[in-house]
Amino acid sequence: MTDRFIIGKITGAHGVRGEVKVFPITDNVRHFKKLKKVALTDYDGNIKNEYDISSVRFDRGNVLVFFEGIDDRDKAETLKGSFISIERKDASPIGKDEFYIADLMGLTVVDDEKGELGIVSEVYETGANFIVSVKRKGKKDLQIPFLKDVCYEVDIEGSIMKVRLPEGLYEIYETKKK
């Protein structure tokens, strides 16, 4: 399990006083208001710097944040492209049978009929539902809809996800292009 979660990406400066515009990557945008300190990371999660938050507000689907020590547009622009991450302990609480999407990474995916398929390498949202990308040795990654009927059991502690692939899905990825 990961110790940090990425919750947003800084897309640029907002105004001239050092405020940054953040594209949220979380389903609980209001949680930004509760945060006191965050880390700025690169795509791979390597921490570049940590900042105390002095204020947060919301504007047209974005989060606008002032960090302590970032007091002009030039300084704010240097943060563009950074990801905002928080420690697991600072994340929104989850229920008993819930889990964080980040905890799916690295799970072994096992199908009832096909057996072990590979390892979860990515989870992304399509608008209709989430998709789990399964990395397979020497084969094209398998894209599985993250629906209860398909991904029927997720065992974070056991590091396994049990699936029942929709009819024909596996074969699509096994067909060789001519």
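Each residue of the sequence shown is one higher than the one before, counting from 1029 in this note's numbering.
Note that beta-carbon positions come from the ideal geometry of N, C-alpha and C, so glycine has one too.
It should be emphasised that the depicted structure is a prediction, and the values quoted were computed from it without experimental measurement.
query: Any beta strand (DSSP E) of 3 or more consecutive residues that is wholly inside the segment 1077–1122; result: 1090–1095, 1111–1115
query: Distance, Ser1161 Cα to Phe1167 Cα; result: Reading off the sequence shown, one finds Lys at residue 1167, where the question assumed Phe. For Lys1167 and Ser1161, the distance between alpha carbons rounds to 12 angstroms.
query: 7 angstroms CB neighbourhood of Pro1173 in its chain, flanking five on each side removed; result: Asn1157, Ile1159
query: Contacting residues, own chain, Cβ-Cβ under 7 angstroms from Glu1115 (five flanking each side not counted); result: Asp1031, Arg1032
query: Buried/exposed call for Tyr1079, threshold 16 Cβ in 10 Å; result: buried
query: Cutoff 7 angstroms; reference Arg1164; Cβ partners in own chain excluding five residues on either side; result: Leu1145, Gly1146, Leu1170
query: Tyr1152: first and last residue of the uninterrupted beta strand (DSSP E) it sits in; result: 1143–1153
query: Contact between the segment 1034–1047 and the segment 1104–1121 (3+ Cβ pairs under 8 angstroms); result: yes
query: Straight-line Cα distance separating Glu1126 from Leu1068; result: 27 angstroms
query: Cα-Cα separation, Gly1089 to Glu1141; result: 43 angstroms
query: Cutoff 8 angstroms; reference Met1189; Cβ partners in own chain excluding five residues on either side; result: Leu1132, Leu1135, Thr1136, Val1137, Val1138, Val1148, Val1160, Cys1179, Glu1181, Val1182, Asp1183
query: Rounded straight-line distance, which links the Cα of Asn1056 to that of Leu1175; result: 21 angstroms
query: Identity of the residue in Arg1045, Ser1120, Ala1130 nearest His1268 by Cα; result: Outside the shown range of the chain, which is 1029 to 1206, sits residue 1268, and nothing can be said about it.
query: Pick from Gly1046, Asp1070, Asp1102 that is closest to Glu1096, judged by C-alpha positions; result: Gly1046
query: For Asp1183, the residue or residues it bridges with in DSSP; result: Ile1188
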